[in-house]
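These notes concern the structure reproduced below.
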Amino acid sequence: MAFKPLHDRVLVKRVESDEKTKGGLIIPDSAKEKPAEGEVVAVGEGARKDSGELIAPSVKAGDRILFGKWSGTEVTVDGTEMLIMKESDILGIIA
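Okay, so the sequence shown: first residue is 14 according to the numbering used here, each after it adds one.
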């Protein structure tokens with residue numbers, strides 16, 4: 014199923030964090046936090062100004078991003094857990 018977000022929304026797939034700490038300790042699943050890093054899968058057409066002019070999104074599919082801990086709504090698309098969030102919830106693009 015193809016999914017295209019509307020307006021200024023973005024579909025993001027979380028990027029899994031490392032299983033070990035820098036010191037070599039293995040982190041169990043129960044102690045892991047959900048990562049605040051992801052890859053943009055799909056982007057909407059953008060927001061609109063009051064005049065009706067389209068504001069193009071700053072991110073594109075394939076970008077690695079950082080987002081807030083409580084950002085977005087969790088959804089399942091084709092059996093994969095993803096997030097739908099507004100572009101304004103994105104903190105930055107990882108170069």
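For glycine and all other residues, C-beta sits at the position ideal for the given N, C-alpha and C.
This one's a predicted model, so the numbers in the text were calculated from it and none came from an experiment.
Residue i classed as buried or exposed, judged by whether at least 16 other C-beta atoms fall within 10 angstroms
i     : result
Val88 : exposed
Asp21 : buried
Gly92 : exposed
Whether residue i touches residue j by CB criterion (8 Å)
i     : j     : result
Met95 : Val54 : yes
Gly81 : Ile68 : no
Glu50 : Pro70 : no
Alpha-carbon to alpha-carbon, residue j and residue i
i      : j      : result
Glu52  : Ala108 : 12 Å
Glu66  : Ile39  : 51 Å
Asp102 : Ala74  : 16 Å
Lys26  : Asp63  : 31 Å
Ala15  : Ile97  : 14 Å
Gly105 : Val90  : 24 Å
Under the three-state DSSP convention, the category residue i falls into
i      : result
Glu29  : coil
Glu100 : helix
Gly57  : coil
Phe80  : strand
Cβ-Cβ separation, residue j to residue i (assumed contact under 8 Å), whole Å
i     : j     : result
Val28 : Arg77 : 7 Å
Distance cut-off 7 Å: residue i Cβ against heavy atoms of the ligand GDP
i     : result
Glu94 : What this structure holds is no ligand at all, so the ligand GDP is not there to describe.
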